[in-house]
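Protein chains in written order, with my numbering: chain A, 197 to 428; chain B, 197 to 428; chain C, 197 to 428; chain D, 197 to 428. Glycine residues also receive a C-beta, built at the ideal position from the N, C-alpha and C atoms. Just so we're clear, the structure is a prediction, and the values are computed from it rather than from any experiment. To keep things clear, I will list the structure first and then write my remarks on it.
Number of protein chains: 4
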Amino acid sequence: MAGPNSNDPPQGSLFARLRDANAEAWQDYTEHPFLMALADGNLSEPAFRHYLIQDFIFLRHFARAYGLAAYKAENLDEIRTASRGLQAIVDVEIGLHESYCTDWGVDSATLEAAPEHNATLAYTRYVLERGMAGDLLDLYVALAPCIIGYGEIGARLLANNRTKLEGNRFAAWIEMYGGEDYQTISADAVRYLDQVGRRRGADSRFPALCRIFAEATRLEAAFWQMGLDAGE
Amino acid sequence: MAGPNSNDPPQGSLFARLRDANAEAWQDYTEHPFLMALADGNLSEPAFRHYLIQDFIFLRHFARAYGLAAYKAENLDEIRTASRGLQAIVDVEIGLHESYCTDWGVDSATLEAAPEHNATLAYTRYVLERGMAGDLLDLYVALAPCIIGYGEIGARLLANNRTKLEGNRFAAWIEMYGGEDYQTISADAVRYLDQVGRRRGADSRFPALCRIFAEATRLEAAFWQMGLDAGE
Amino acid sequence: MAGPNSNDPPQGSLFARLRDANAEAWQDYTEHPFLMALADGNLSEPAFRHYLIQDFIFLRHFARAYGLAAYKAENLDEIRTASRGLQAIVDVEIGLHESYCTDWGVDSATLEAAPEHNATLAYTRYVLERGMAGDLLDLYVALAPCIIGYGEIGARLLANNRTKLEGNRFAAWIEMYGGEDYQTISADAVRYLDQVGRRRGADSRFPALCRIFAEATRLEAAFWQMGLDAGE
Amino acid sequence: MAGPNSNDPPQGSLFARLRDANAEAWQDYTEHPFLMALADGNLSEPAFRHYLIQDFIFLRHFARAYGLAAYKAENLDEIRTASRGLQAIVDVEIGLHESYCTDWGVDSATLEAAPEHNATLAYTRYVLERGMAGDLLDLYVALAPCIIGYGEIGARLLANNRTKLEGNRFAAWIEMYGGEDYQTISADAVRYLDQVGRRRGADSRFPALCRIFAEATRLEAAFWQMGLDAGE
C-alpha cells in the first residue's frame, strides 16, 4: 500500500507509538485481503453484506462503549467528548449505516434479526470489558484501532493507485472513510488519545496499553476475516 | 401543599407505586423547608447559592449516570433514550445552569473550584453505585426521585396558592420546573420507567426497588437540608 | 446419552426451565462430539491439551466473575457465597488444573505463555460483560451453563454404558465431574440460582434470562469445538 | 503523637508520598479527637457503639471492593491477592467484629437492623465508584487510607506515652490495630500498593491519585466525626 502521507498521525503520538510497536498485527489488519478485494472491486457481495450486518451490531456495542466513557470521565470536557461520540453513533452513523444497508438490499428487519457472529461478540465484549476493568485511557486505547484505523485504511486505499474507484461498487465505502469528514474525526481521535494519555501516565503504562491495542487490532483483523469467510 | 392535580403520574405507574410506598420520605423531600422558603421567597441567598453550586457538581455525575445507562442498555431504543438524556444534560442543562449561576453572581471559576459537599457526594455516588451493581431498572429507579420529583415539586409549587411568584427572586426556578417543558420531561420519565420496568420484572422486584427509591429520596431531602444549613 | 437420573435438577428449578427452553442448544453443548470422543477414549491428545490450556485461561476470567459477584452482592450471605466461589477457583481448582496439566505434559511456562483463543475470549468476556451490565441474577445465569452443565455432563457420561472408563486416558476428567464432590457443587449452584432468582423476579424476567443462558450455552459448545478443531 | 517509628512505611513508597502530599488531611484523620478520646479512655460509649455499628456496614462494602479488585485484576497473582483480602474480611474480620460488638452489648439483630449513616454511605460508595471508574491502582489508592491508616494509627497510639491502656475499655481496639498481626497486614499493603503502582504508571499519575487519596482520607476523618457526634 501507499507509504506515509499527510494523513499520518504525528510520529510521537501515542497512537503512532502503539501502532509501530504492533507493526505486524497492524499490517494484518489494515492490509487484510478483505480490504484488498474491496479496493479492486473483487470482494463478493455476500462477504460485504455479512460485514455490513455485523458492523451494525458492532456499532450498537460501540455506542455503549462511549456511554461507558462518559461514566468513566473525570471532568466536564471528558464527559462532553464521550457524549458527542455516543451521539454521533446513534444519531448519525447508525442512520447512515441503515440507509447504506438498504442500498445493499439489507432491510431493517434483516438487520434486527441477524444473529451476532462470534467475531463481533469477541471484539465488542473485549473492548467493553477492558474499558470497564481499566480506566478511561485503557478504554480509548481499546477503541483506537477501529476509529483511527478506519481513517488510516480509508486514506491509504484512496491514495493507492491500485485502488479502483470507477465501476467499483465498494467505492462509496472507501470514499466515506478516506473522505475529509472521517479524516477529521480520525485526526481528532489521535489528538484526544494523547490528551487522555498525558493525564493518565500513558508513557509508563505503555507495555500494558500495547497489549490492549494488539488484541483489539487482532480482533479487527478477525472481523475482516469473518466477512471474507462469509463470502465463500 | 396542593393535592393531586393533572400532572400526577397515573395511579398504577411504577413511579406512583414507589412514591406511595415511601409516602413519609417522599413528603420529607418534596415538602422540605428549603422548598417552602423558596416558595414564599424567604430562602436566604447564601442557601440558594450553595444549592446552585452543589447542583452543578451533581449534574456532572448525573450526566455520568446517563452514560452508564447507555452502557447498560440492551437495545438501540434504550441506548438512544440514554444518549438523549446525557445530551440534554451536557448540551442544555449545564449551560442553563451556568447562565443561571451567573445571574446569581456565581461565576464559572467559583463553580469549577467549589469543593464537593458530602451530601452531594453521598447522593451521586449512591446512584452511580446502585446503577452499576444492579441493572438498568435499578439505575432508573435511583434516578427517579430527582427527575420525576423535581417535576412534581415544580407543579405543586406553581399550583399552590401560598406560593408567591411576584417579587420572589426564586420564581424563575419554580417556573422552570413547574413549566410545560420540564413537565413533559418528567411525564416522559414516568412512562419510560414503566417501560424499563415491564421488561425487567419490576412487579416481582418491588421490595428491592423500593429500598433504592427510599434511599435516593432520603438523599434528595438531605441535599435540600445541606442548602438550608449553608444559609444559617 | 442416558435419560434423566437422580442427579437431575428439580423440574421447577430456574436452571431446569432455562435448560428446557433451550433444549437444542443444550444438547449441542452437553452431547458435543468432543465429549463423545472423550467418553470412548478416542479424543486426540492435542485436542485435549488445547482444551486444558484454554480452560486454564478460562478459569482466570471465571474467578474474576466471582469477584464481580461479590461486588454485585446485596447482603452478607451473597458476598460470602461469591467469596467462597472465588476462593474455590483460585485456591483449589487452579491448583488442580495445573497439576492435571502437568500430568498431560503441559508445564506452567506453557500455560502462562499460551495465547488466548477467540473462543475463550468470546465466552469469558460475554459472561463478564453481561454480568456487569445486568444484575447478580444475570451474572449467575451467564455462569450456569458452565458450573451446572459440567455437573450434568459428568453425571451423564458416568452413567452412560457407552462410556469407557478402563484404559481411557480421559477417565479422570469424567470421574472428577461425575464424582460426588462436583455433583454437590453443581446441585448447590442449582439451588442458589433459585434463591438469587426469587429475590430478583426471575419469573417475569424469563425471556431476557433465556437469551443470556442460550448465548452462554452456545459459547460453551463453541469452546468444545475449539478443542476438537485443534486436534485435527 | 509519637514521631516516625519503625512501623513507618519506607520514605519512597507510593503510600508515604501520597500521605506526605496530604499532610494536613492525614493529620485530621489520624489524630482526630475521636482517637485521642479513645487513647485516654474518655470516649463515650454511645460514640464507640455507633462507630462499631457503622464500621460493620462499612466492612460489607469494603468486602465488595475486594471483589471488585478481583474483577479488575490482570493476572493470577492480582486475583489471588484480592481473593485473600475478600476472604480475610468475610471469614475473619466480620466474625471478629460481630463478637467484639457482642462484648459491647450490640447484638446481631441490632447490627443487621442499623440504618446506614450518610458518612458511611458517602465513604464506601466513593471508594466503590472511584474503583469502578478508574483502574486497579485507583481502587487500591482509595482503599489505602483505611487499611494502611489503621495500621499507622494503631502503632502510634500504642507507642504514645499519653495513651492509657490499663483500665481503658478501648485498649483492645488499640492493641488489635497496633499489634503485630495488623502491622503485618498494613506493611504488606504498603508494599503491594507499590507493586500495583509500578505496573500502572503511578509516578506520572500522581496528581490524580493524590485527589483520590485526599478525598478518602477526608471521608475517613468524617467517619470518626460521625462517631463523636453520636456520643453527644
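Chain-ordered chain B contacts of residue i [CB-CB under 9 Å]
| i | result |
| --- | --- |
| G263(A) | Y262, G263, L264, A265, A266, Y267, K268, A269, I275, A278, S279, L282 |
| A212(A) | Chain B residues near A212(A): none, gap ~29 Å exceeds 9 Å. |
Rounded straight-line distance, which links the Cα of residue j to that of residue i
| i | j | result |
| --- | --- | --- |
| G291(B) | F252(B) | 10 Å |
| E274(A) | H293(C) | 44 Å |
| P229(B) | L424(D) | 27 Å |
| Y373(C) | A367(C) | 10 Å |
| G363(A) | S295(A) | 21 Å |
| R394(A) | T226(A) | 27 Å |
| R451(A) | E270(A) | Summary: the structure shown does not reach residue 451(A), with chain A confined to residues 197 through 428, and so no result is reported for it. |
| A159(A) | G375(A) | With chain A covering only 197 through 428, there is no way to say anything about residue 159(A). |
| G427(A) | L389(B) | 43 Å |
| R358(B) | R280(B) | 36 Å |
| R414(A) | Y319(C) | 17 Å |
| R365(B) | Y267(B) | 40 Å |
| I381(A) | Q283(A) | 14 Å |
| L139(B) | A412(A) | Chain B is shown only over 197 to 428; residue 139(B) falls outside these bounds and no answer can be derived. |
| A265(A) | A278(A) | 6 Å |
| Q379(A) | L354(A) | 12 Å |
| E371(A) | G347(A) | 11 Å |
| A198(B) | A235(B) | Per-residue confidence for A198(B) stands at a pLDDT of 39, beneath the threshold of 50, marking its modelled position as unreliable; no derived number is given. |
| V323(D) | P341(D) | 11 Å |
| Q162(B) | A259(C) | Since the first residue shown for chain B is 197 and the last is 428, residue 162(B) is missing from the structure and cannot be characterised. |
| P200(A) | P311(A) | Note on P200(A): pLDDT 43, under 50, position unreliable in the model; no value is reported. |
| V286(C) | R276(D) | 6 Å |
| F409(D) | L339(D) | 8 Å |
| G237(C) | N356(C) | 14 Å |
| L361(C) | E325(C) | 38 Å |
| I344(D) | A385(D) | 7 Å |
| R215(D) | I249(B) | 29 Å |
| R407(B) | A219(B) | 13 Å |
| G327(C) | E289(D) | 28 Å |
| A330(B) | A329(C) | Strictly speaking, residue 330(B) in this sequence is Gly, with Ala absent from that position. Cα to Cα, G330(B) sits roughly 8 Å from A329(C). |
| Q391(C) | A221(C) | 25 Å |
| P205(A) | I349(A) | 13 Å |
| R321(A) | R321(C) | 6 Å |
| A305(B) | E241(B) | 19 Å |
| A190(C) | L272(B) | In this structure chain C extends from 197 to 428, so residue 190(C) is not present and cannot be described. |
| A261(A) | R387(B) | 26 Å |
Interface residues of chain D facing residue i [CB-CB closer than 7 Å]
| i | result |
| --- | --- |
| V161(C) | Since the displayed chain C opens at 197 and closes at 428, residue 161(C) lies outside it and no answer follows. |
Partners in chain C for residue i, counting only beta-carbon separations shorter than 7 Å
| i | result |
| --- | --- |
| R329(B) | Here residue 329(B) is Ala; the residue named in the question, Arg, does not match the sequence. The answer, in chain order, is Y267, K268. |
Partner residues on chain D for residue i, Cβ-Cβ distance less than 9 Å
| i | result |
| --- | --- |
| A418(B) | N314 |
Amino acids of chain D, ordered along the chain, whose beta-carbon sits closer than 8 Å to that of residue i
| i | result |
| --- | --- |
| Y322(B) | L317, R321 |
Within chain C, partners of residue i - CB distance below 9 Å
| i | result |
| --- | --- |
| D334(B) | D331 |
| A426(D) | Within chain C, no residue comes near A426(D); the closest Cβ sits about 23 Å away, beyond 9 Å. |
| A310(D) | Those do not exist, as A310(D) stays about 13 Å from chain C at its closest Cβ, beyond 9 Å. |
Chain B contact residues for residue i, given Cβ-Cβ distances below 7 Å
| i | result |
| --- | --- |
| R256(A) | L272, I275 |
| A259(A) | A266, I275 |
Chain A residues whose Cβ lies nearer than 7 Å to that of residue i
| i | result |
| --- | --- |
| E325(C) | R321, L324, E325 |
Near the ligand ATP: residue i beta-carbon under 7 Å from a heavy atom
| i | result |
| --- | --- |
| T320(C) | The ligand ATP is not part of this structure, which contains no ligands at all. |
Any contact between the stretch 410 to 419 of chain A and the stretch 301 to 317 of chain A? By contact I mean 3 or more CB pairs, one from each, below 8 Å. yes
If we count Cβ pairs, one from each stretch, closer than 8 Å, do we get three or more for the stretch 399 to 408 of chain D versus the stretch 321 to 341 of chain D? Touching, yes.
In the stretch 387 to 410 of chain C, which residues sit with their C-beta less than 8 Å from some C-beta in chain B, listed in chain order? Within the stretch 387 to 410 of chain C, the qualifying residues are R395, R396, G397, A398, D399, S400, R401, A404.
Is the stretch 204 to 212 of chain B touching the stretch 246 to 264 of chain A in the sense that three or more CB pairs, one from each, lie closer than 8 Å? no
Using Cβ-Cβ distances below 9 Å, what residues of the stretch 217 to 246 of chain B are close to chain A? Among the residues of the stretch 217 to 246 of chain B, none has a Cβ less than 9 Å away from any Cβ of chain A.
Is the stretch 239 to 251 of chain C touching the stretch 297 to 309 of chain C in the sense that three or more CB pairs, one from each, lie closer than 8 Å? Contact between the stretch 297 to 309 of chain C and the stretch 239 to 251 of chain C is established, with three or more Cβ pairs separated by less than 8 Å.
Closer than 8 Å between beta carbons: that is the criterion. Which residues of the stretch 338 to 362 of chain D meet it against chain C? none
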